[in-house]
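All residue numbers for the sequence shown refer to the working numbering, where the first residue is 363 and numbers rise by one. Ideal Cβ positions, reconstructed from N, Cα and C, are used throughout, including at glycine. Here the structure is a predicted model, which is why all the values come from computation and not from measurement.
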Amino acid sequence: MISSERQETGAVSAMAARMRASLPSFREVLFGAPVWGVVMALSALVALYLRNGAETSHLYSILVLFFLGGLVSWPFALLLGRFGAIGRGRETRFAAFFLCLTLCTIAITAVLFALDYRIFYARWHAPFGTGLWAYQFAFTSASAIYQFIVMGIRLYLPIGFAALALASLWLTWRTPEQQR
363 MISSERQETG
373 AVSAMAARMR
383 ASLPSFREVL
393 FGAPVWGVVM
403 ALSALVALYL
413 RNGAETSHLY
423 SILVLFFLGG
433 LVSWPFALLL
443 GRFGAIGRGR
453 ETRFAAFFLC
463 LTLCTIAITA
473 VLFALDYRIF
483 YARWHAPFGT
493 GLWAYQFAFT
503 SASAIYQFIV
513 MGIRLYLPIG
523 FAALALASLW
533 LTWRTPEQQR
């Protein structure tokens, strides 16, 4: 009984130490987040240009959305990627960064899109705090996230995918291998 409690305490402290080691520095966030945001906005611009010459009345709002999605997602992706990559082999580190950059960037951009979507439809929703409002909020947000996944993810191709691979390689190279 006592040894299992010690094991749990040891596992928790090891997890906390791993999380502390995963924290990105202020400098990495300060410089990396805007760069990732610009690359994601550039990805959307190139995709829109290739599709229709970037002739859309919402070009600037789309670029701002993708920039903010990249900007906000970078610190989370870096933290989670490092958490999965510390002490692992090269392939595992690459996979951790690739997965975390992909999921964090898409998820945060989709949530920002859902918030913007919600603001537009708020005028037709029930008063704040009611049961109907919660229902409308949940399903409006879910619809917006679905719509982003169906129509917005393609704006990450082809530039975003290449940038994702390069960023993952760079982060893999910067994270030390397991010391045995």
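Endpoints, alpha helix (DSSP H) assigned at residue i
i, result
"residue 535", "521 to 536"
"residue 408", "388 to 414"
"residue 489", "Looking at the DSSP string, residue 489 is not in any alpha helix (DSSP H), and its letter there is neither H nor E."
"residue 443", "421 to 447"
"residue 475", "452 to 483"
Between the CA atoms of residue j and residue i - distance to the nearest angstrom
i, j, result
"residue 388", "residue 438", "13 Å"
"residue 408", "residue 375", "46 Å"
"residue 509", "residue 448", "35 Å"
"residue 530", "residue 458", "8 Å"
"residue 420", "residue 455", "37 Å"
"residue 398", "residue 435", "9 Å"
"residue 487", "residue 498", "7 Å"
"residue 432", "residue 392", "13 Å"
"residue 462", "residue 491", "34 Å"
"residue 406", "residue 384", "30 Å"
"residue 422", "residue 478", "14 Å"
"residue 427", "residue 527", "22 Å"
"residue 493", "residue 500", "11 Å"
"residue 372", "residue 513", "46 Å"
"residue 396", "residue 485", "33 Å"
Cβ-based neighbour list, residue i, same chain, cut-off 7 Å, excluding 5 preceding and 5 following
i, result
"residue 468", "515"
"residue 465", "none"
"residue 381", "445"
"residue 378", "none"
"residue 495", "487, 488 and 489"
"residue 429", "399, 400, 402 and 403"
Same chain, Cβ closer than 6 Å to residue i, five either side skipped, listed in chain order
i, result
"residue 502", "480 and 483"
"residue 542", "Since pLDDT at residue 542 reaches only 32, below the 50 mark, its modelled position is unreliable, and the value read off the structure follows with that caveat. Correct list: empty, nothing qualifies."
"residue 537", "447 and 455"
"residue 416", "410"
Own chain residues within Cβ distance below 8 Å of residue i, not counting five before or after
i, result
"residue 386", "394, 437, 440, 441 and 444"
"residue 511", "468 and 472"
"residue 390", "440"
"residue 424", "406, 410, 418 and 517"
"residue 505", "479"
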